[in-house]
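Participant: For the sequence shown, my numbering begins at 591 and goes up steadily by one.
We treat Cβ as the ideally placed atom computed from N, Cα and C, and that holds for glycine.
In this text the structure is predicted, and so the values were computed from the model without any measurement.
Take a look at the following structure, please.
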Amino acid sequence: MAETGILIAYFSHPGQNYVNGDIVELEVGNTEVAAKKLAAITGARLVRIEQAQNYPEDYHELTEVAKKELKAGARPPLKNALPDMIDVSYLFLGYPNWWGTMPMPVWTFLEAVDTAGIKIAPFCTNEGSGMGRSEKDLRALCPQAEICAGLPIIGHRVADSDAALRAWAAGILR
Numbered sequence: 591m592a593e594t595g596i597l598i599a600y601f602s603h604p605g606q607n608y609v610n611g612d613i614v615e616l617e618v619g620n621t622e623v624a625a626k627k628l629a630a631i632t633g634a635r636l637v638r639i640e641q642a643q644n645y646p647e648d649y650h651e652l653t654e655v656a657k658k659e660l661k662a663g664a665r666p667p668l669k670n671a672l673p674d675m676i677d678v679s680y681l682f683l684g685y686p687n688w689w690g691t692m693p694m695p696v697w698t699f700l701e702a703v704d705t706a707g708i709k710i711a712p713f714c715t716n717e718g719s720g721m722g723r724s725e726k727d728l729r730a731l732c733p734q735a736e737i738c739a740g741l742p743i744i745g746h747r748v749a750d751s752d753a754a755l756r757a758w759a760a761g762i763l764r
C-alpha cells in the first residue's frame with residue numbers, strides 16, 4: 591500500500607498513562623505504537639509532534655495542565671521543525687483523546703502547516719471516549735482540508751490494532 595504523498599504526524603505521551611482503569615508506566619505511548627504500525631502498513635514517513643516544554647510526568651498533574659491549556663486555547667510551542675507539506679495529499683493525524691479532543695500541541699501543528707486540499711485522516715487512542723469532538727474541531731481548524739472519518743483505537747488494545755489500521759487506511763487511500 592506504499593504511496594508517496596502520505597505523511598503520518600502524531601502526538602504521543604509515554605510515561606504515566608491511564609490504561610484500562612489504572613495508571614501505568616508506558617515506555618512508548620499508545621499513539622506512537624499505532625503511528626508506527628500505520629507507517630509499516632502505508633510506507634508513509636513519520637513526523638512526531640512534540641511540545642518544546644515537557645509535560646509533567648505525574649498523570650494527574652499532566653491532566654490538569656492539559657485541561658488548563660484547553661480552557662485557555664493555548665498553543666504550546668513545538669520542539670521540532672515543521673515538515674514540508676508541498677507534496678502531501680494525505681495526512682494521517684494521530685493523538686490521544688485529552689479532555690474530549692486533541693492535545694493542544696496538535697492544534698499548534700495544524701495551525702502552522704498548510705492543510706488546504708489535503709485529506710486528513712485522524713486516529714485517536716483512548717480508553718473508551720472514542721474520537722470525542724476532535725473530528726468537529728478538525729473541521730473548524732482546517733476548513734480547506736477534507737476531514738475523513740477517524741479511527742478510534744482503545745489504548746490498551748493498540749498492540750492488536752493492525753487489522754483495523756490496515757482496513758481503515760485502505761479505505762482512506764482508495
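What residues are listed by DSSP as bridge partners for residue 598?
Facilitator: For the purposes of this step, residue 598 is identified with residue 8 of the sequence shown, where counting begins at 1. The partner list for residue 598 (beta bridge, DSSP) reads 636, 682.
Participant: Please go through the same chain and pick out, in chain order, the residues whose beta-carbon is closer than 6 Å to the beta-carbon of residue 679, but skip the five residues on each side of it.
Facilitator: For the purposes of this step, residue 679 is identified with residue 89 of the sequence shown, where counting begins at 1. These residues qualify, in order along the chain: 595.
Participant: Taking residue 711 as part of the beta strand (DSSP E), name the residues at either end of that continuous run.
Facilitator: What you label residue 711 is simply residue 121 of the sequence shown in a count that begins at 1. Where residue 711 is concerned, the enclosing beta strand (DSSP E) stretches over 709-716.
Participant: Does the ligand ADP have a heavy atom nearer than 7 Å to the CB of residue 731?
Facilitator: In terms of ligand content, the structure shown is empty, and the ligand ADP therefore cannot be addressed.
Participant: Would you kindly work out how many angstroms separate the C-alpha atoms of residue 699 and residue 672, rounded to a whole number?
Facilitator: Here residue 699 corresponds to residue number 109 of the sequence shown, with the count starting at 1. Here residue 672 corresponds to residue number 82 of the sequence shown, with the count starting at 1. Answer to the nearest angstrom: the Cα atoms are 8 Å apart.
Participant: Output the distance between the C-alpha atoms of residue 665 and residue 637, rounded to the nearest integer angstrom.
Facilitator: As a position in the sequence shown, residue 665 is number 75, starting the count at 1. As a position in the sequence shown, residue 637 is number 47, starting the count at 1. Taking the straight line from one Cα to the other gives about 18 Å.
Participant: So, for residue 693: in the same chain, excluding its five sequence neighbours on each side, which residues have a beta-carbon less than 7 Å away from its beta-carbon?
Facilitator: Taking the first residue of the sequence shown as 1, we reach residue 693 at position 103. If we look at residue 693 and ignore the five residues flanking it on each side, its Cβ neighbours are 601, 656, 685, 686.
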